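Going by this note's numbering, the first residue of the sequence shown is number 2, and it counts up by one from there. In this text, a Cβ means the ideal position worked out from N, Cα and C, and glycines have one as well. No experiment lies behind these values; they were computed from the predicted model shown. Following: one structure in structure tokens, then a few remarks.
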Amino acid sequence: MKIFKINILAFLVTSLFSFSIFAGGTLRLDEVAIGEADPAKATDFADGIIMENVYDALVTEPQGGGPVIGKLAKDWEVSNNGTTITFHLNENVKFSSGNDMTADDVVYSYERLMGLKLGWSYLFDGWVKGIKKIDNHKVQFELNEPYAPFMSSLVRFYIVDSETLKANESDGDWGQEYLLANSAGTGAYSITAHDPNVETRMAKNNNYFLGIAEIAPNEAILRYNLDAPTVRTLISNDEHDISSNWLPTDVKAAIADSGDKLAKVVSAGGWYFKINTTRAPLDDVNCRKSLAYALDYDSLVGTFQVTDDIAAGQKARGPIPQGMIGYSDDVPLVEYNLDKAKDYLSKCKYSGDDLKITINWIAEVPFEESWALILQQGAMAIGYEASVETLPWAVFTEQVTKPETTPNLSIVAVQAQTPDPDGLIYNMYHSAAAGTWQSTEWVQDDNIDSMLNAGRTTIDGQERVAIYESFQQAIVDMQPDLFISDLVTVYAMRDEINAPTLEDSATYGFSTMAQNFSFRLMEVPN
């Protein structure tokens with residue numbers, strides 16, 4: 002059966018900016034380091050911003066949501082058994098080097114991704130049997146079995162310039178050293194300078210195959226690890242344009258009070274107190290349940306309020322947020338109840354001096370400290386010896402690669418890596434995905450693995466809904482996390498900036514992590 006996908010991105014760019022008469026200026030924004038510039042290694046939010054602008058995938062999520070549409074691929078065919086997918090590539094697409102993008106680049110990009118086995122390779126590992134070039138503008142994937150999230154997973158399969166990377170390989174490194182300071186994509190921007198701990202500079206590609214408006218920024222500077230006072234001062238002095246989401250709510254409110262603006266984006270993800278389920282005393286579900294009821298959710302919700310009209314959060318029922326397949330109102334909200342908390346703690350196999358826990362928050366996200374203190378207060382009220390510590394993000398991401406060094410509890414926001422529930426929950430809870438910042442729970446459960454695998458192999462939409470609703474309840478019963486909030490991000494912006502994907506995300510936005518930061522869809526007057 003042949004499925005045609007109409008590419009509407011170029012139309013949306015034209016319609017958004019058709020009346021603009023100004024040349025684009027420089028866009029300045031910030032995120033938490035480290036900024037990964039290699040598309041085969043990227044996983045984090047800063048990485049996603051770079052990927053969204055410098056590289057393209059075969060398909061993309063449409064603005065406002067819906068099934069994926071073509072990007073580098075103009076259409077595709079799916080075999081009757083769902084295991085052979087043939088893509089027809091757009092012609093006349095060029096890399097920043099000037100080289101033509103062909104099927105050879107698609108094949109090389111996949112071989113490189115799986116050769117390095119890093120980044121988003123887990124989305125395809127074990128599911129794709131092979132890939133082959135049919136002709137210069139046709140490429141075919143063969144799957145081992147039907148894989149429901151395959152098309153949505155392709156939004157994270159970025160195509161690189163095989164000719165450039167092969168010419169710059171060092172000892173068979175797939176061009177990794179070259180990509181430490183350069184880019185090799187077809188995107189609307191290319192990297193001109195990159196220090197993963199300081200900043201990444203990107204320049205506009207005026208020959209971008211989907212078109213780019215004059216008023217889109219000529220240059221973008223992604224800065225890393227700016228503290229809150231610095232961001233506030235820079236925005237007030239017109240020296241910074243868009244903040245990260247990690248600013249404290251009072252700083253965001255102060256920026257809005259000074260005449261600049263806030264953009265609220267409801268995203269597919271959540272905030273979690275992630276529990277290391279392998280370390281005592283929280284390897285006992287009753288201990289985990291006791292903390293779930295010892296957390297004062299109403300006090301937490303109070304910290305979300307930025308202004309009278311904007312709140313940076315909404316209560317969560319479980320790991321799957323409202324609006325995503327698998328969310329169910331049948332899963333009850335957990336409410337603060339110290340009597341219930343004490344009852345669960347009495348059933349725990351640990352007591353007395355064994356009830357010691359450490360609650361970690363991320364140093365670059367200062368508002369997390371108040372959340373950690375709220376949990377600490379509840380935990381101590383029922384008998385825990387609870388301490389609060391902070392970790393820099395880079396240290397945290399290293400510690401969580403081993404269960405024995407992963408903190409008891411840590412506060413993390415996770416957003417869907419693809420526009421499918423699999424892109425959110427598989428990398429958090431499947432045993433094969435443990436050992437990353439997204440999976441610090443270290444869940445090793447055959448039933449959970451079975452449901453996640455079934456969600457991947459089941460093609461029928463209604464059956465998938467039922468699987469993920471059952472999964473949601475199973476995770477809530479297991480309690481590997483305390484569910485703080487569905488993910489709502491709020492960005493402070495200089496008033497002169499126009500970013501429809503952030504300011505009207507319901508119409509123009511994307512659910513996939515970092516895709517709302519597509520620079521070519523922004524207006525930045527010079």
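| query | result |
| --- | --- |
| Would you report the Cα separation of VAL14 and VAL267, rounded to the nearest angstrom? | In this prediction, VAL14 has a pLDDT of 44, which is less than 50 and means its spatial position is unreliable; what the coordinates show is noted afterwards. Taking the straight line joining both Cα atoms gives about 22 Å. |
| Going by DSSP in three states, GLY25 sits in which element: helix, strand or coil? | strand |
| In its own chain, which residues sit with a C-beta less than 7 Å from the C-beta of PHE20, not counting the 5 before and 5 after it? | Caution applies to PHE20, whose pLDDT of 39 falls short of 50 and renders its modelled position unreliable; the model cannot decide the point. |
| Taking its Cβ as the centre, do 16 or more other Cβ atoms sit within 10 Å of ASN54, making it buried, or is it exposed? | buried |
| Consult DSSP for ILE7 and reduce its assignment to one of helix, strand or coil. | Its pLDDT being 43, under 50, ILE7 is placed unreliably by the model, and the measurement read from it follows with that caveat. ILE7: coil per DSSP, three-state reduction. |
| May I ask which residues mark the beginning and end of the alpha helix (DSSP H) holding ILE160? | Careful: ILE160 lies outside any alpha helix (DSSP H) and carries neither H nor E. |
| Starting from the C-beta of GLN516, find all residues in its chain whose C-beta is less than 6 Å away, skip the five residues before and the five after it, and write them out in chain order. | GLU53 |
| Which one of ASP31, ARG318, ALA189 has the shortest CA to CA distance from ASP487? | ARG318 |
| Would you mind giving the Cβ-Cβ distance between VAL94 and THR187, rounded to the nearest angstrom? I have them listed as a contact below 8 Å. | 5 Å |
| Could you check which residue in TYR509, ALA264, GLY327 has the C-alpha nearest to that of ALA312? | ALA264 |
| If I follow the unbroken alpha helix (DSSP H) through ASN81, where does it start and stop? | It is not in any alpha helix (DSSP H) - ASN81 carries neither H nor E in the DSSP assignment. |
| Would HIS138 and HIS195 qualify as a contact pair, given that the criterion is a beta-carbon distance under 8 Å? | no |
| Helix, strand or coil, according to DSSP, for THR359 in the structure here? | strand |
| Can you look up PRO526 in the DSSP assignment and give me helix, strand or coil? | strand |
| Need the endpoints of the alpha helix (DSSP H) that SER302 sits in, please. | The sequence shown places Val at residue 302, not Ser. Run containing VAL302: 298-305, per the alpha helix (DSSP H) assignment. |
| Near PRO393, what residues of its chain come up, given a Cβ to Cβ distance below 6 Å and the 5 sequence neighbours on each side ignored? | ALA364 |
| Going by DSSP in three states, ILE498 sits in which element: helix, strand or coil? | coil |
| Return yes when the Cβ of PRO320 is within less than 8 Å of the Cβ of MET479, no when it is not. | no |
| Suppose the cutoff is 6 Å on Cβ atoms and the five residues either side in sequence are ignored; what does the same chain contact list for TYR132 look like? | Before going further, note that residue 132 is Ile rather than Tyr in the sequence given. VAL108, TYR111, PHE142. |
| By DSSP, does GLU405 sit in helix, in strand, or in coil? | coil |
| Measuring alpha carbon to alpha carbon, tell me which residue in SER300, ILE51, VAL466 is nearest VAL33. | ILE51 |
| Could you give the uninterrupted runs of the beta strand (DSSP E) lying entirely in the stretch 222-277, keeping only those of 3 residues or more? | 262-276 |
| Which residues in the same chain as GLY424 place their Cβ atom closer than 6 Å to its Cβ, once the five residues preceding and following it in sequence are excluded? | ALA417, GLN418 |
| Going by C-alpha distance, which of ILE86, SER98, THR84, ASP76 is nearest GLU92? | ASP76 |
| List the endpoints of the continuous alpha helix (DSSP H) containing GLU464. | 462-479 |
| Along the chain, where does the alpha helix (DSSP H) that runs through MET152 open and close? | 151-154 |
| Determine the burial state of ALA182: buried for a count of at least 16 other Cβ atoms within 10 Å of its Cβ, exposed for fewer. | exposed |
| What's the gap between the Cα of ALA168 and the Cα of LYS134? | 21 Å |
| Within the stretch 406-430, note down every full alpha helix (DSSP H) run reaching 4 residues or more, in order along the chain. | 423-430 |
| Closer than 8 Å by C-beta to ASP126: which residues in its own chain qualify, once you throw out the five before and the five after it? Chain order, please. | MET115, LYS118 |
| Beta-carbon within less than 7 Å of SER329's beta-carbon, same chain only, minus the 5 sequence neighbours each way: which residues are those? | GLU470, GLN473 |
| Excluding five sequence neighbours on each side, which residues of the same chain lie with their C-beta closer than 6 Å to the C-beta of ILE449? | TYR430 |
| Under 8 Å, Cβ to Cβ, is there at least one residue of chain D near ALA104? | Given the protein chain composition of this structure (a single chain), no chain D is represented. |
| Tell me whether the beta-carbon of ALA41 lies closer than 8 Å to the beta-carbon of GLY120. | yes |
| Would you identify the three-state DSSP class for THR513, choosing helix, strand or coil? | coil |
| Consult DSSP for GLY71 and reduce its assignment to one of helix, strand or coil. | strand |
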